[in-house]
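Chemist: In my numbering, the protein residues as written are 435 to 727. Here a beta-carbon is modelled for each residue, glycine too, at the ideal position from N, C-alpha and C.
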Ligand SMILES: NC(=O)c1ccc[n+]([C@@H]2O[C@H](COP(=O)([O-])OP(=O)(O)OC[C@H]3O[C@@H](n4cnc5c(N)ncnc54)[C@H](OP(=O)(O)O)[C@@H]3O)[C@@H](O)[C@H]2O)c1
């Protein structure tokens, strides 16, 4: 890839997350000097093409939206290619003649859950370790979450060994446009990635359970939904402000009070270890995804 601060980006599989990242990168007025000169997004179907055109309409002069038949064209013309289709689709996408060749020499950003940089290497170069005229594949594996759509994601990323500092800066810039981005080592990626990618769904399940209690007591969900969510957000914000979660929990639970009763009930039901088991199951699944083709 040429050194280029105004990037040509392809988003292959521009669904919920691909669209959020595309909007973030296009909206950016970054002081780093990086920006998007043109962005080509691809999707599988015509209705999605219209959805993406709508979502990116503020940047129409820099955006082209195509369907899957044009994946090769989209990738060929880009400096940076974001792979944001579902992992299960990867065999189909890579089987198209010319696709893997179109990715060679580009910076590849993959957000496919559970797919290692080694697997991205295999997809592009086959079973032999990759190299572009002697240099390693320039690829970054990342795990954002759905809060990217409101630019409040936490994205973890890890590079393929040999990815240049300049390309890492580009990857960090792309993911920073939708929230915070942190580089972590690939050997701790699975557990950390499920903590940012899946844990939110567990907490939402907890919110749903809390709202059931309101309904059981005769209060309609919409009347309390935002109260519950906003109070939870406020409490959570105390943690980065310096309070350890267990110290905070202890502070809230006064002797003889309501909170301690509720907490004891949850402990009796094994909720704490249920959360641990759920995340460990997700991490185990993440570890096996690259090998399940
Ligand atoms: N959702 C999450 O919370 C989350 C978190 C972290 C990572 N991830 C990863 O992020 C990726 C995207 O997830 P998502 O939730 O954004 O999925 P999504 O909304 O289903 O988006 C996938 C997109 O891929 C398109 N697509 C399917 N086959 C294609 C093909 N052959 N060529 C081009 N595009 C194709 C689909 O098009 P159509 O719309 O036309 O079907 C869809 O727009 C996945 O790999 C997932 O593992 C997701």
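Under DSSP, the alpha helix (DSSP H) around residue 631 begins and ends at which residues?
Modeler: Note, residue 631: alpha helix (DSSP H), 623-631.
Chemist: Apply the 10 Å Cβ neighbour rule to residue 572 and answer buried if 16 or more other Cβ atoms are within range, or exposed otherwise.
Modeler: Burial call: buried.
Chemist: Could you say which of 546, 506, 518 lies nearest to residue 538 if we only look at CA atoms?
Modeler: The candidate whose alpha carbon is nearest that of residue 538 is 506.
Chemist: Is it buried or exposed for residue 526, if we count other Cβ within 10 angstroms and need 16 for buried?
Modeler: Classification for residue 526: exposed.
Chemist: Let me confirm a value: residue 654 is counted as buried when at least 16 other C-beta atoms fall within 10 Å, else exposed. Which label applies?
Modeler: Its Cβ having fewer than 16 others within 10 Å, residue 654 is exposed.
Chemist: Going by beta carbon distance, what residues of the same chain come within less than 6 Å of residue 589, once the five residues before and after it are set aside?
Modeler: So the qualifying residues of the chain are 576, 578, 609, 615.
Chemist: Compute the Euclidean distance between the alpha carbons of residue 688 and residue 709, then round it to the nearest angstrom.
Modeler: C-alpha separation (whole angstroms): 24 Å.
Chemist: Could you tell me the alpha carbon to alpha carbon distance between residue 679 and residue 558, rounded to whole angstroms?
Modeler: Approximately 44 Å, taken between the alpha carbons.
Chemist: Quick check on DSSP: helix, strand or coil for residue 613?
Modeler: Reduced to three states, the DSSP call for residue 613 is strand.
Chemist: Hey, how far is the Cα of residue 534 from the Cα of residue 492?
Modeler: For residue 534 and residue 492, the distance between alpha carbons rounds to 31 Å.
Chemist: Should residue 722 and residue 620 be called a contact, given that it needs their Cβ atoms to be closer than 8 Å?
Modeler: For residue 722 and residue 620, no; Cβs fall outside 8 Å.
Chemist: What are the start and end residues of each continuous alpha helix (DSSP H) run of 4 or more residues lying completely inside the region 534-619, in chain order?
Modeler: List check, alpha helix (DSSP H) in window: 551-559, 599-610.
Chemist: When DSSP labels each residue in this structure, what does residue 447 get in the three-state scheme?
Modeler: Coil, per DSSP.
Chemist: By Cβ distance, which residues of its chain are closer than 7 Å to residue 662, with the 5 residues on each side in sequence left out?
Modeler: Answer for residue 662: 641, 644, 645, listed in chain order.
Chemist: Assess, as a yes-or-no matter, whether the region 480-490 is touched by the region 510-518 under the definition of 3 or more beta carbon pairs within less than 8 Å.
Modeler: The region 510-518 is not in contact with the region 480-490.
Chemist: Pairing CB atoms from the region 621-630 with CB atoms from the region 467-483, are three or more of them under 8 Å?
Modeler: No: fewer than three Cβ pairs fall under 8 Å.
Chemist: Where does residue 724 sit, in a helix, a strand or coil, going by DSSP?
Modeler: Three-state result, residue 724: coil.
Chemist: What are the start and end residues of the alpha helix (DSSP H) that includes residue 698?
Modeler: Residue 698 -> alpha helix (DSSP H) spans 692-702.
Chemist: The alpha helix (DSSP H) spanning residue 508 covers which residue range?
Modeler: Looking at the DSSP string, the run of the alpha helix (DSSP H) that includes residue 508 is 505-510.
Chemist: Check whether the Cβ atoms of residue 471 and residue 441 sit closer than 8 Å, and answer yes or no.
Modeler: Closer than 8 Å, so yes.
Chemist: So, under 8 Å CB-CB, residue 612 and residue 447 are touching, yes? Tell me the CB distance rounded to an integer number of Å.
Modeler: Incorrect: roughly 16 Å between the Cβ atoms, too far for contact.
Chemist: What does the alpha-carbon distance come out to for the pair residue 717 and residue 632?
Modeler: Between residue 717 and residue 632, the C-alpha separation is close to 10 Å.
Chemist: Would a C-beta distance cut-off of 8 Å place residue 574 and residue 605 closer than the cut-off?
Modeler: Taking 8 Å as the Cβ cut-off, residue 574 and residue 605 qualify as a contacting pair.
Chemist: With a CB to CB cut of under 7 Å and the five nearest residues on each side skipped, what residues in its chain are close to residue 512?
Modeler: If we look at residue 512 and ignore the five residues flanking it on each side, its Cβ neighbours are 442, 443, 444, 474, 540.
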